[in-house]
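Novice:
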Amino acid sequence: MVEDNATARTTLRGHLLPIAKLNVSSFGSGVELKSALRKQHFELIIMDYHLGQGRTGVEWVQSLKESDFIRPSTGFIFLTSDRSPQTIGRIMDLQPDALLIKPYTIASLSRQIKHYLSYRKYIEPVLREMDNKQRPSAITLLRKKLREGVPPRLASDVGKLYAKLLFENEDILHAMRVYDDVLTRSDKVLWAQWGKIRCQYAAGLWPDCQDELSGMVTSTLARDSAFEWLASLSFEQKSYEQVETYLSQIKFSDLSLPAARLKSLAYQKQDKVVEAIDLLQKKRAMHRSARDRFNDFTFELAEFYLLLAEEAPSTNREESLSQARKLVGLAGRSQSDRQVLQKRDYLLAFSAILESEDQKAAHLLESDYMDDYLRTEPSMLVIAAKVHHGLGEEGKASQLLALAKQKNAELQIISEQVANDDLIFSGGERLGLNHDQAVMLNETGTQLFMNKQYLPAMKHFYDALNLSPETAAFGLNLLQCMIESDTAVYRKYGIRKLLRVIADMALSDSNHHRLTQLNLTAQANAEKLIAPAINEDNKHH
Numbered sequence: 005m006v007e008d009n010a011t012a013r014t015t016l017r018g019h020l021l022p023i024a025k026l027n028v029s030s031f032g033s034g035v036e037l038k039s040a041l042r043k044q045h046f047e048l049i050i051m052d053y054h055l056g057q058g059r060t061g062v063e064w065v066q067s068l069k070e071s072d073f074i075r076p077s078t079g080f081i082f083l084t085s086d087r088s089p090q091t092i093g094r095i096m097d098l099q100p101d102a103l104l105i106k107p108y109t110i111a112s113l114s115r116q117i118k119h120y121l122s123y124r125k126y127i128e129p130v131l132r133e134m135d136n137k138q139r140p141s142a143i144t145l146l147r148k149k150l151r152e153g154v155p156p157r158l159a160s161d162v163g164k165l166y167a168k169l170l171f172e173n174e175d176i177l178h179a180m181r182v183y184d185d186v187l188t189r190s191d192k193v194l195w196a197q198w199g200k201i202r203c204q205y206a207a208g209l210w211p212d213c214q215d216e217l218s219g220m221v222t223s224t225l226a227r228d229s230a231f232e233w234l235a236s237l238s239f240e241q242k243s244y245e246q247v248e249t250y251l252s253q254i255k256f257s258d259l260s261l262p263a264a265r266l267k268s269l270a271y272q273k274q275d276k277v278v279e280a281i282d283l284l285q286k287k288r289a290m291h292r293s294a295r296d297r298f299n300d301f302t303f304e305l306a307e308f309y310l311l312l313a314e315e316a317p318s319t320n321r322e323e324s325l326s327q328a329r330k331l332v333g334l335a336g337r338s339q340s341d342r343q344v345l346q347k348r349d350y351l352l353a354f355s356a357i358l359e360s361e362d363q364k365a366a367h368l369l370e371s372d373y374m375d376d377y378l379r380t381e382p383s384m385l386v387i388a389a390k391v392h393h394g395l396g397e398e399g400k401a402s403q404l405l406a407l408a409k410q411k412n413a414e415l416q417i418i419s420e421q422v423a424n425d426d427l428i429f430s431g432g433e434r435l436g437l438n439h440d441q442a443v444m445l446n447e448t449g450t451q452l453f454m455n456k457q458y459l460p461a462m463k464h465f466y467d468a469l470n471l472s473p474e475t476a477a478f479g480l481n482l483l484q485c486m487i488e489s490d491t492a493v494y495r496k497y498g499i500r501k502l503l504r505v506i507a508d509m510a511l512s513d514s515n516h517h518r519l520t521q522l523n524l525t526a527q528a529n530a531e532k533l534i535a536p537a538i539n540e541d542n543k544h545h
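Residue 5 is where the sequence shown starts when you use our numbering, and the numbers rise one by one after that.
Structural data, given as structure tokens:
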């Protein structure tokens with residue numbers, strides 16, 4: 005239980021203890037919870053939304069999940085006295101097991117806790133498999149329960165978990181059908197709406213995804229998240245002005261750290277460096293009295309200065325590096341958290357690499373926490389890869405970049421995922437690792453394609469083409485996969501656009517012949533394939 009108000013904490017604890025003989029630990033802040041999670045595991049966390057001036061309960065949960073402090077089986081119940089749609093919407097984005105609005109009655113608290121415990125008992129074997137990272141067997145167990153018939157009072161919870169597991173297991177279209185079934189019965193179920201959008205995004209159905217999101221910007225509960233999603237889709241399509249437009253619809257004080265980072269990157273892509281720095285400085289200044297958030301934005305600004313230094317000629321880096329070092333020093337001062345210390349030292353080591361002070365960089369890597377990547381965030385793994393590359397450790401740099409990609413794929417926050425993808429791509433390009441990575445992706449994609457696993461095959465070919473945009477074979481493989489699976493649009497490519505992109509490449513005679521054949525096949529199926537957006541008939545192919 006996490007509640008910053010001591011009186012409310014004592015009262016809540018008193019209410020909880022008589023319910024089902026619970027063993028209750030109580031904490032006054034996210035920092036205290038994080039410290040406890042290093043030593044023990046909790047089955048249920050009851051979290052207040054407002055925890056003083058620092059991070060909100062939602063931000064703490066997101067951060068702890070991303071850093072692997074929280075097991076997949078852990079349940080969440082949120083408490084808040086804030087009835088604003090934005091706050092309720094942010095909590096619902098996390099898909100908690102329950103939300104209680106203060107002032108709540110003891111009866112309603114007791115009812116929610118007992119309901120969660122009965123649900124937990126019912127699916128306990130499934131949760132055990134989830135914690136053991138055995139997702140397929142968790143799905144098998146859940147399917148068995150669904151076949152046997154789930155008690156009506158637990159049907160919604162079990163359905164939500166089933167769809168989530170299918171999605172995480174990359175059975176995207178099946179997960180989408182589960183969400184569609186829920187929305188057919190009631191089209192305003194927020195968790196199902198967001199679940200469907202995630203599925204459309206993962207399946208590359210971007211026009212459908214944008215249509216759904218455009219409808220959600222009018223919902224007070226979903227408005228800010230919908231704009232953040234639309235901005236992320238625009239960023240992936242290199243429509244950087246559109247990113248600015250969408251994110252400016254969100255109140256500046258409500259702009260999350262990942263959204264602020266995405267906006268600063270969009271500015272930088274348009275050579276609006278002053279605006280990017282100004283944005284991050286203002287967000288940092290807003291949180292001067294909240295140390296955790298202030299440090300988050302301080303590190304973010306430092307990373308941005310390092311990015312500028314990296315892109316500048318070596319004779320013109322001093323100002324950016326000086327600013328970065330000063331900021332890292334401020335944020336890293338009096339810290340004992342291993343994750344924060346690792347972040348501080350990798351940023352300082354990268355600064356040393358950019359100044360050709362390799363010995364200094366190597367010295368900064370000597371602490372025992374520097375090699376522990378269990379909780380390292382993807383953007384920091386990219387920095388680490390650049391440091392090790394600078395020290396001539398190519399193998400380690402490649403491994404760290406691959407780990408960044410793997411961790412990033414598991415993130416829940418779209419704007420963070422998209423910004424990291426950009427950093428991973430540019431990092432790989434700078435280190436000369438992208439083409440080799442593309443070849444490996446293409447090989448895996450070919451195997452998937454031969455097994456008629458078209459959706460994951462398309463993702464592999466798409467990523468290979470992005471990493472090596474001049475390699476015609478990758479584009480042709482994506483095109484063939486789209487045609488054979490009757491897919492008119494996959495992510496940023498419609499068939500017509502992809503045909504144009506490949507035609508503009510340097511093509512060998514055999515590739516030219518293959519393109520001609522694929523073009524003829526596409527034209528023969530023009531009604532299905534060469535459409536401005538996806539047909540309804542085509543959604544579940």
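The beta carbon of each residue, even a glycine, is placed where N, CA and C say it ideally should be.
Because the structure is a prediction, the values reported are computed rather than measured.
For residue 136, is the classification buried or exposed, using 16 other Cβ atoms within 10 angstroms of its Cβ as the cut-off for buried?
Specialist: Residue 136 comes out exposed.
Novice: Inspect the beta-carbon positions of residue 214 and residue 237 and report whether they are closer than 8 Å.
Specialist: In contact: residue 214 and residue 237 (Cβ atoms closer than 8 Å).
Novice: According to DSSP, what are the bridge partners of residue 497?
Specialist: According to DSSP, residue 497 bridges with 494.
Novice: Name the DSSP beta bridge partners of residue 6, please?
Specialist: Paired residues: 31 and 51.
Novice: Considering only their Cβ atoms, is the gap separating residue 471 from residue 432 smaller than 8 Å?
Specialist: A contact, by the Cβ cut-off of 8 Å.
Novice: Who are residue 81's beta bridge partners in DSSP?
Specialist: Partner(s): 50 and 102.
Novice: Counting pairs of Cβ atoms below 8 Å between the region 89-102 and the region 190-204, do you hit three or more?
Specialist: Result yes; three or more Cβ-Cβ pairs closer than 8 Å.
Novice: Helix, strand or coil, according to DSSP, for residue 22 in the structure here?
Specialist: If DSSP states are grouped into helix, strand and coil, residue 22 belongs with coil.
Novice: Out of 520, 19, 482 and 416, point me to the one whose CA is closest to residue 115's CA.
Specialist: The shortest C-alpha separation from residue 115 is found at 19.
Novice: How far does the alpha helix (DSSP H) with residue 362 in it reach, from first residue to last?
Specialist: Residue 362 -> alpha helix (DSSP H) spans 362-368.
Novice: Specify, as a first and last residue, the run of the alpha helix (DSSP H) that residue 337 falls within.
Specialist: Unbroken run through residue 337: none, as it is neither H nor E.
Novice: Find the nearest neighbour of residue 33 within the set 43, 26, 54 and 8, judged by alpha-carbon distance.
Specialist: If we check each option's Cα against that of residue 33, 8 comes out closest.
Novice: Go to residue 140, then tell me how far its alpha helix (DSSP H) extends in each direction, as first and last residue.
Specialist: 139-152 is the extent of the alpha helix (DSSP H) around residue 140.
Novice: In its own chain, which residues sit with a C-beta less than 6 Å from the C-beta of residue 519, not counting the 5 before and 5 after it?
Specialist: Here the set comprises 506.
Novice: Excluding the 5 residues preceding and the 5 following residue 239 in the sequence, name in chain order all residues of the same chain whose CB lies nearer than 7 Å to its CB.
Specialist: Closer than 7 Å at the Cβ level, and outside the excluded window around residue 239, lie 247, 266, 270 and 422.
Novice: What's the C-alpha gap between residue 93 and residue 372?
Specialist: Distance between the alpha carbons of residue 93 and residue 372: 41 Å.
Novice: Would you say the region 404-422 touches the region 208-227, given that touching needs at least three Cβ pairs under 8 Å?
Specialist: At 8 Å Cβ cutoff, the stretches do not touch.
Novice: Using only the alpha-carbon positions, how far apart do residue 316 and residue 310 sit?
Specialist: In a straight line, the C-alpha of residue 316 is about 10 Å away from that of residue 310.
Novice: Would you check if the distance between the CB atom of residue 466 and the CB atom of residue 489 is smaller than 8 Å?
Specialist: Cβ distance not < 8 Å, so residue 466 and residue 489 don't count as in contact.
Novice: Measuring straight from C-alpha to C-alpha, what distance separates residue 113 and residue 17?
Specialist: Whole-angstrom Cα-Cα distance: 11 Å.
Novice: Is it a yes or a no for the region 270-281 touching the region 31-51, going by three-plus beta-carbon pairs under 8 Å?
Specialist: With a cut-off of 8 Å, the region 31-51 and the region 270-281 do not count as touching, because too few Cβ pairs lie within range.
Novice: What does the alpha-carbon distance come out to for the pair residue 406 and residue 73?
Specialist: The straight-line gap from Cα to Cα measures roughly 22 Å.
Novice: Since residue 439 is in the alpha helix (DSSP H), which residue starts that stretch and which ends it?
Specialist: Taken as a continuous stretch (DSSP letters only), the alpha helix (DSSP H) holding residue 439 covers 438-454.
Novice: Can you give the Cα-Cα distance for residue 420 and residue 69, rounded to whole angstroms?
Specialist: Whole-angstrom Cα-Cα distance: 14 Å.
Novice: Give the straight-line distance between the Cα atoms of residue 173 and residue 140, rounded to the nearest whole angstrom.
Specialist: Approximately 7 Å between the Cα atoms of the pair.
Novice: Which residues in the same chain have their Cβ closer than 7 Å to the Cβ of residue 241, if we skip the five residues on either side of it in sequence?
Specialist: Within the same chain, residue 241 has close Cβ partners 496.
Novice: Can you find the residues in the same chain that come closer than 6 Å, C-beta to C-beta, to residue 206, ignoring five residues on each side of it along the sequence?
Specialist: These residues qualify, in order along the chain: 176.
Novice: Under the three-state reduction of DSSP, which class applies to residue 221: helix, strand or coil?
Specialist: The answer is coil: DSSP assigns residue 221 none of H, G, I, E or B.
Novice: Mapping the DSSP letters down to three states, classify residue 118 as helix, strand or coil.
Specialist: Three-state DSSP puts residue 118 in a helix.
Novice: Quick one: using the 10 Å Cβ neighbour count with 16 as the cut-off for buried, is residue 185 buried or exposed?
Specialist: So residue 185 counts as exposed.
Novice: Hey, quick one: how far does the alpha helix (DSSP H) through residue 89 stretch, first residue to last?
Specialist: Unbroken alpha helix (DSSP H) run through residue 89: 89-97.
Novice: What residue range is occupied by the uninterrupted alpha helix (DSSP H) comprising residue 251?
Specialist: Residue 251 -> alpha helix (DSSP H) spans 244-251.
Novice: Could you tell me the boundaries of the alpha helix (DSSP H) in which residue 134 lies?
Specialist: It spans 128-135 - the alpha helix (DSSP H) in which residue 134 sits, taken as one unbroken run.
Novice: Output the residue ranges of the alpha helix (DSSP H) runs that lie fully inside the region 351-405 and measure 4 residues or longer, sorted by chain position.
Specialist: As far as the region 351-405 is concerned, its whole alpha helix (DSSP H) runs of at least 4 residues are 362-368 and 382-394.
Novice: In terms of alpha-carbon separation, which member of 119, 354 and 340 lies closest to residue 328?
Specialist: Minimum Cα distance to residue 328 is reached at 354.
Novice: Can you say whether residue 256 is buried or exposed, counting buried as having 16 or more other CB atoms within 10 angstroms of its CB?
Specialist: When all chains shown are included, residue 256 counts as exposed.
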